[in-house]
Structures are given as C-alpha cells and as structure tokens.
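Take 5 as the starting number for the sequence shown in the numbering used here and just add one per residue.
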Amino acid sequence: MPNKTIYVRDADVPLLERASEELGESISALFASFLRDRVATLTSQEKQVVQLIKRIREDRVRLHKEGTSKEAVSEFQQAEAYALKVLEAVRKQDYEAARNLWFGANSYHAIAHRSAANYRKIAVEIDRVLRGASPTNGTSTASI
C-alpha cells in the first residue's frame with residue numbers, strides 16, 4: 005500500500021487523536037472519508053475554478069520544462085495566485101470579488117501564453133543568427 009505523509013500542526017495533534025478515539029477509525033481512514041465527501045460536494049463554480057487552476061499549473065509546468073523565460077513562468081504563477089483567490093472568494097460566496105479575480109486570472113493566463121510564444125519566437129531567431137542564417141524578417145546582420 006502506498007504511503008503519503010501529511011504534516012499536521014502541533015496544535016492540531018490533540019484533535020486528530022480525539023477524532024481517532026471517538027470515531028473509532030484511523031486518521032488515514034477519516035481523512036480519506038473527508039476527501040471523498042468534500043470532492044463529491046464541490047459546487048459547479050468550485051469545479052470551474054479548480055479546472056482553471058489545473059490548466060494554469062499544467063501550462064506552467066510544461067512551459068517551464070520547455071525552458072521558457074522566467075518572466076512567462078512568473079506570469080503563470082501570477083495567474084495561479086489569482087485563480088486561488090477566486091476559489092477562496094467562491095467558497096466565501098463573495099461572487100463580485102470572484103468575478104473580478106476570475107477576469108484577472110484569465111488575463112494573466114493569456115498574457116503568460118503570449119509571453120511564452122514571444123520568447124519562443126525570439127529564441128528561434130537568436131538560434132538562426134548564431135548559426136549564421138539570415139533573419140526571418142529580411143534584414144541583414146553584421147558579423148559578430
């Protein structure tokens with residue numbers, strides 16, 4: 005059986021011990037039960053935000069592995085931070101804040117994609133110049 009470690013604050017240890025004693029189950033069984041219940045009761049708004057967070061994270065990880073610029077990766081991190089704030093606002097039922105933050109998260113996500121695309125274009129052009137090929141825009145380059 006696979007092991008996963010969950011770190012618990014010192015202040016919460018008595019709660020975990022009490023829950024295990026009073027409910028007669030192991031902490032891992034209680035935790036798994038809680039997660040099943042929580043995932044099953046996600047609202048449609050929470051699911052949408054979670055999907056956005058997942059897309060942003062996947063894009064950030066993929067582009068980071070491809071070696072995109074630190075600025076683009078940072079913009080993905082900013083988009084994710086906004087998306088996490090959207091999730092908080094939805095859970096607090098502050099839908100006005102959630103709408104505004106949703107716009108911010110999607111805007112940063114789009115900006116991050118544009119930055120990554122521009123970085124790729126510039127990197128290709130630099131590679132061409134360093135290999136001695138002519139630039140794609142038709143201008144000539146001086147020898148280095």
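Glycine is no exception: its CB is placed at the ideal position from the N, C-alpha and C atoms.
Would you mind stating whether residue i and residue j have Cβ atoms separated by less than 8 Å?
i, j, result
"Ala83", "Ala109", "yes"
"Glu79", "Ser119", "yes"
"Thr94", "Gln55", "For clarity, residue 94 is Val in the given sequence; the question names Thr instead. No, Cβ-Cβ distance for Val94 and Gln55 is not below 8 Å."
Looking at C-alpha atoms only, which residue of the options is the closest neighbour of residue i?
i, options, result
"Ala127", "Ala33, Ser73, Arg118, Ile60", "Ser73"
"Leu105", "Leu91, Lys96, Ala114, His117", "Leu91"
"Asp16", "Lys8, Ile31, Met5", "Ile31"
Residue i and residue j look like a contact to me (Cβ under 8 Å); what is the Cβ gap, rounded to whole Å?
i, j, result
"Ala23", "Leu34", "6 Å"
"Arg61", "Val77", "Not quite, the Cβ-Cβ distance comes to about 12 Å (not below 8 Å), so this is no contact."
"Ile57", "Leu88", "7 Å"
How long is the line joining the alpha carbons of residue i and residue j, rounded to whole angstroms?
i, j, result
"Ser147", "Tyr86", "Annotation note: pLDDT 41 at Ser147 (below 50); position unreliable, coordinate value reported separately. Those two C-alpha atoms are separated by around 46 Å."
"Arg40", "Ile130", "51 Å"
"Gln81", "Arg124", "19 Å"
"Val133", "Ala121", "19 Å"
"Val12", "Phe38", "16 Å"
"Asp98", "Lys51", "16 Å"
"Arg59", "Glu26", "40 Å"
"Thr47", "Val53", "10 Å"
Runs of 4 residues minimum, wholly inside the segment 55-98: which ones carry the alpha helix (DSSP H) assignment?
Listed in chain order, the alpha helix (DSSP H) runs fully inside the segment 55-98 are 74-95, counting runs of at least 4 residues.
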